[in-house]
Amino acid sequence: MRAPGKRSGKQRRVAILSARRQRKSRRLARAALENQRLAPVGSVPVAPQQLLADAGHDAPEFVRRGYYLDLAFRCVDCGAEGIWLAARQKWWYEVAGGHPFSTARRCAACRARERQRKALARQGGRQSCTISITANAAEKENHDEPMG
Ligand SMILES: [Zn+2]
Numbered sequence: 714m715r716a717p718g719k720r721s722g723k724q725r726r727v728a729i730l731s732a733r734r735q736r737k738s739r740r741l742a743r744a745a746l747e748n749q750r751l752a753p754v755g756s757v758p759v760a761p762q763q764l765l766a767d768a769g770h771d772a773p774e775f776v777r778r779g780y781y782l783d784l785a786f787r788c789v790d791c792g793a794e795g796i797w798l799a800a801r802q803k804w805w806y807e808v809a810g811g812h813p814f815s816t817a818r819r820c821a822a823c824r825a826r827e828r829q830r831k832a833l834a835r836q837g838g839r840q841s842c843t844i845s846i847t848a849n850a851a852e853k854e855n856h857d858e859p860m861g
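The structure is reproduced here in structure tokens:
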């Protein structure tokens, strides 16, 4: 048996949660604005509304900070050190729709190799598909930036 009071209690909880979420996103936006004023030269501002929604997680560091910074990383395949440029990060997260918690893992050379390997695996390595593999790889060129 469900008392009417219990229902409104639940509704109240939902309202509280939603208000809390709104406060949190306002706070994040304010903090991001504040941080952008302190952003170092060469950094690129984040446009949080362009990001893929990621409910259930805390905002990634660049969102809380409010700007992208060139990011040094080590390639998981060959171990080479690389720099993921701030402008490329903005493109990846805000234009290409990359997951907010994805990050650079492979250098350009290993990314190209990995892309080719995947394309070949998809096509079963058949000779007759060489042309479409190449076309596919070129098409995908700009859409698998950090994850390879
Ligand atoms: Zn590499």
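Under this note's numbering, the first residue of the sequence shown carries the number 714, and numbering increases by one thereafter. Ideal placement from N, C-alpha and C gives every residue a C-beta, glycine not left out. All of these numbers come straight from a predicted model, not from anything done at the bench.
Is residue i near residue j, with beta carbons less than 8 angstroms apart?
i: residue 764; j: residue 806; result: yes
i: residue 814; j: residue 773; result: yes
i: residue 777; j: residue 752; result: no
Report the rounded CA-to-CA distance for residue i versus residue j, giving the unit in angstroms.
i: residue 731; j: residue 803; result: 29 angstroms
i: residue 783; j: residue 796; result: 6 angstroms
i: residue 836; j: residue 761; result: 37 angstroms
i: residue 850; j: residue 729; result: Its pLDDT being 46, under 50, residue 850 is placed unreliably by the model, and the measurement read from it follows with that caveat. Computed Cα separation, rounded: 48 angstroms.
i: residue 738; j: residue 726; result: 18 angstroms
i: residue 827; j: residue 811; result: 18 angstroms
i: residue 816; j: residue 724; result: 39 angstroms
i: residue 832; j: residue 754; result: 39 angstroms
i: residue 809; j: residue 736; result: 28 angstroms
i: residue 788; j: residue 825; result: 13 angstroms
Comparing C-alpha positions only, which one of the options sits nearest to residue i?
i: residue 756; options: 801, 814, 832 and 821; result: 801
i: residue 780; options: 808, 749, 810 and 813; result: 749
i: residue 823; options: 790, 831, 810 and 775; result: 790
i: residue 820; options: 786, 810 and 751; result: 786
i: residue 771; options: 754, 794, 741 and 793; result: 741
Here's the rule I'm using: 16 or more other beta-carbon atoms within 10 Å means buried, otherwise exposed. How should residue i be labelled?
i: residue 722; result: exposed
i: residue 834; result: exposed
i: residue 799; result: buried
i: residue 766; result: exposed
i: residue 818; result: buried
i: residue 793; result: exposed
i: residue 733; result: exposed
Beta strand (DSSP E) containing residue i: first to last residue?
i: residue 787; result: 784–787
For the alpha helix (DSSP H) holding residue i, just list the boundary residues, first then last.
i: residue 774; result: 774–778
i: residue 827; result: 821–836
i: residue 801; result: 799–803
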